[in-house]
Amino acid sequence: MGILNGARRLVGDLAGEASKQAAIIQLQTERDSLLSRLEETYARAGRRAEVMHRGRRFEDPELVDAFKLVETLTARIVQLEEEMRASREDRDPNVICPGCQKVLDRGVRFCPVCGTQIRICPQCHAVVKPDERFCPGCGTKIADQPGAAQVDPPPSAPSS
Ligand SMILES: [Zn+2]
Ligand SMILES: [Zn+2]
Numbered sequence: 229m230g231i232l233n234g235a236r237r238l239v240g241d242l243a244g245e246a247s248k249q250a251a252i253i254q255l256q257t258e259r260d261s262l263l264s265r266l267e268e269t270y271a272r273a274g275r276r277a278e279v280m281h282r283g284r285r286f287e288d289p290e291l292v293d294a295f296k297l298v299e300t301l302t303a304r305i306v307q308l309e310e311e312m313r314a315s316r317e318d319r320d321p322n323v324i325c326p327g328c329q330k331v332l333d334r335g336v337r338f339c340p341v342c343g344t345q346i347r348i349c350p351q352c353h354a355v356v357k358p359d360e361r362f363c364p365g366c367g368t369k370i371a372d373q374p375g376a377a378q379v380d381p382p383p384s385a386p387s388s
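With the first letter of the sequence shown counted as 1, position 13 gets the number 241 in the numbering used here; the numbers rise by one all the way through.
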């Protein structure tokens, strides 16, 4: 009977361990959510202080520094987003249907207006007309099989 009781105690200990673990996880979860609320609240107070600062300059050098940094970071973020947009458009220029000149969405394989198959040069991303076997932009040979030259090729497709 001693062994059985020992085993029972062990199971009980394990269950206690597990529920202790669960309790710790619950406490951590609650702490983390309060921490993120605290951060949000600081951010809200900071934005409000910034608005007030614009109307009536604060004297505190740390606040002045912080608001200056906010301005610099915001400007840089806007600049980066513009660069991202520009390079995205550069990589995937608008596709114009060679059949009917309609501006098409990126990634279409057939023009939804006239049904022309849209082929894109994997090298220079120029639109290749259905009867063209070489890219009019860079002279790359375009394979005949449908699907060989697709919209949105990998950026560094090897020329073979
Ligand atoms: Zn078309
Ligand atoms: Zn080309």
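Cβ atoms here follow ideal geometry from the backbone N, Cα and C, with glycine treated the same way.
- Within the model, the alpha-carbon separation for C366 versus R304 is close to 36 Å.
- At the C-beta level, T300 and P326 stay beyond 9 Å of one another.
- For F295, the three-state secondary structure derived from DSSP is helix.
- Short of 7 Å from the beta carbon of C342, and not among the five residues preceding or following it, lie these beta carbons of its own chain, in chain order: C325, G327, C328.
- Taking a 10 Å sphere around the C-beta of P358, we find fewer than 16 other C-beta atoms and assign the residue as exposed.
- For R347, the beta-bridge partners assigned by DSSP are V356.
- For I370, the secondary structure class from DSSP, reduced to helix, strand or coil, is coil.
- Here L332 is bridged, per DSSP, to V323.
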